[in-house]
């Protein structure tokens with residue numbers, strides 16, 4: 196007959212937390228909860244591999260709209276910079292042409 200414990204994800208997190216936050220040695224945590232060290236380290240590995248999901252934002256209409264507005268504002272700003280650059284280049288080219296005319300006529 197198996198004495199294997201079936202723990203919930205919340206219990207596994209609490210056990211890993213006990214070591215990471217409360218600084219209880221892994222051997223003590225495992226003895227206290229009747230789990231193997233291998234299981235503990237597997238849970239810790241899974242936690243770190245999948246932990247990014249805890250920080251991901253759920254997509255909803257407001258977030259999507261906010262991102263689209265930010266992108267539109269960025270594009271508008273870049274277009275304004277490009278327009279300004281084009282105007283500066285046009286002025287420089289005009290000055291260049293006028294200077295060539297003056298030098299050519301002299």
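Residue numbers (this note's numbering): 196 to 301. Ideal Cβ positions, reconstructed from N, Cα and C, are used throughout, including at glycine. Treat the numbers as computed from the prediction; the structure is a model and nothing was measured.
Leaving out the 5 sequence neighbours to the left and right, which residues in its chain are closer than 7 Å to residue i when beta-carbon positions are compared?
i	result
residue 291	none
residue 282	none
Kindly indicate which three-state DSSP category residue i falls into: helix, strand or coil?
i	result
residue 250	coil
residue 260	helix
residue 204	helix
residue 222	helix
residue 212	helix
residue 217	coil
residue 237	helix
Please check the pair residue i and residue j, which I expect to be a contact at CB under 8 Å, by giving their CB distance rounded to whole angstroms.
i	j	result
residue 219	residue 232	That belief does not hold up - the Cβ atoms of residue 219 and residue 232 are roughly 13 Å apart, past 8 Å.
residue 207	residue 229	Rounded, the Cβ-Cβ distance is 13 Å, inconsistent with contact.
Check your understanding: Quick one: any contact between the stretch 233-242 and the stretch 211-225, if contact means 3 or more CB pairs under 8 Å?
Key -> Yes, they touch.
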